[in-house]
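Numbering (my numbering), first residue to last: 324 to 568.
Following this line, the structure appears as structure tokens:
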């Protein structure tokens, strides 16, 4: 009886302090964030209200007063910029994941394991996220330039708003291949279709930083989420989707 009362008291205390935290999340982190958000709510009682999209677009929305309390960016520059502009909490920023770029096709046999398809051609469209808004798009452009194929592929490039839309273009067949995040195509440790995991030497390291925004300053749920992302449970989820830590 005493144990039941203690458990009930704990649950009531948790629910009393539970809150909602609006979070802007980079599109490449959609799947792992959905899993982490569910675990976070179960473990803390706090609920994540996640919006997924392009980091550059989120920056503009945040500067225009969007009600986000936390940003999980696809780069480290945007959170640093928000801190410098006093739009985010100094000292709260940290790298929650290091992303990996992959050239991917939903169809087997299109993309070879060395990425030679970029030089050989034989495709009509290649999807890339807007390099001005999406860090993975910028990494894709960097890769093509490093390989000396960017100019030759100009007429074949289909520019997506973010990495989520890039994935949609390729998965739907509107583009035969495209540059996406490894996390988007890795399922149970395997990649469906065909892919080339781009060597890190071809693009600037994609350090993905999280930060508490000004509207999340002093908010327990926002602070709890960032601490949760640093924990072993969340790290395990992040690594399972192909990210480095």
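In this text, a Cβ means the ideal position worked out from N, Cα and C, and glycines have one as well.
Taking the beta carbon of residue 544 as the centre, do at least 16 other beta carbons fall within 10 Å, making it buried, or is it exposed?
buried
If you draw a straight line from the alpha carbon of residue 575 to that of residue 477, how long is it in whole angstroms?
Residue 575 falls outside the range modelled here, since the chain spans only 324 to 568, and no answer is possible.
Check whether the Cβ of residue 470 sits closer than 7 Å to any heavy atom of the ligand ATP, and report yes or no.
Judged by which ligands are present, the structure shown has none, so any question about the ligand ATP falls away.
Just confirm the distance between the C-beta atoms of residue 344 and residue 548, as a whole number of angstroms; I'd bet it's less than 8 Å.
6 Å
Where does residue 537 fall in DSSP's three states?
helix
Quick one: give me the first and last residue of the beta strand (DSSP E) that residue 397 is part of.
First-last for residue 397: undefined, no H or E at that position.
Indicate whether residue 432 and residue 374 have their beta-carbon atoms separated by less than 8 Å.
no
Residue 449 and residue 567 - do their beta-carbons sit closer together than 8 Å?
no
Determine, using beta carbons only, whether residue 470 comes closer than 8 Å to chain C.
This model lacks chain C altogether; it includes just one protein chain.
Provide the residue(s) that pair with residue 532 in DSSP beta bridges, ordered along the chain.
418
So, with DSSP's three-state summary, where would you put residue 527?
coil
Could you tell me which of 409, 504, 390 and 361 sits nearest to residue 564, measuring between CA atoms?
504
Report yes if the CB atom of residue 491 is closer than 8 Å to the CB atom of residue 351, and no otherwise.
no
Rounded to a whole number of angstroms, what is the C-alpha to C-alpha distance between residue 533 and residue 463?
22 Å
In the DSSP assignment, find the alpha helix (DSSP H) that holds residue 472 and state where it starts and stops.
Run containing residue 472: none; DSSP gives neither H nor E here.
Can you have a look at residue 355 and say buried or exposed, based on whether 16 or more other CB atoms are within 10 angstroms of its CB?
buried
Buried/exposed call for residue 396, threshold 16 Cβ in 10 Å:
buried
Which of the three DSSP states is assigned to residue 463 in this structure?
helix
Put residue 338 into one of helix, strand or coil per three-state DSSP.
Residue placement at residue 338 is flagged as unreliable, the pLDDT there being 45, under the threshold of 50; the coordinate-derived value follows with that caveat. DSSP places residue 338 in helix when its eight states are reduced to three.
Close Cβ partners of residue 334 (< 8 Å) along its chain, the five nearest in sequence each way excluded:
Because the pLDDT of residue 334 is 42, which lies under 50, any placement of that residue in the model is unreliable, and the number read from its coordinates should be weighed accordingly. If we look at residue 334 and ignore the five residues flanking it on each side, it has no Cβ neighbours.
So, at 8 Å on beta carbons, what are the nonlocal neighbours of residue 472 in its own chain, with the 5 sequence-adjacent residues on each side left out?
441 and 442
Is DSSP giving residue 446 helix, strand or coil here?
coil
Beta-ladder partner(s) of residue 504, from DSSP:
424
Please return the same chain residues whose Cβ sits closer than 7 Å to the Cβ of residue 349, not counting the five positions on each side in sequence.
378, 395, 396, 397 and 531
Judging by CA-CA distance, which residue of 550, 383 and 390 is the nearest neighbour of residue 367?
550
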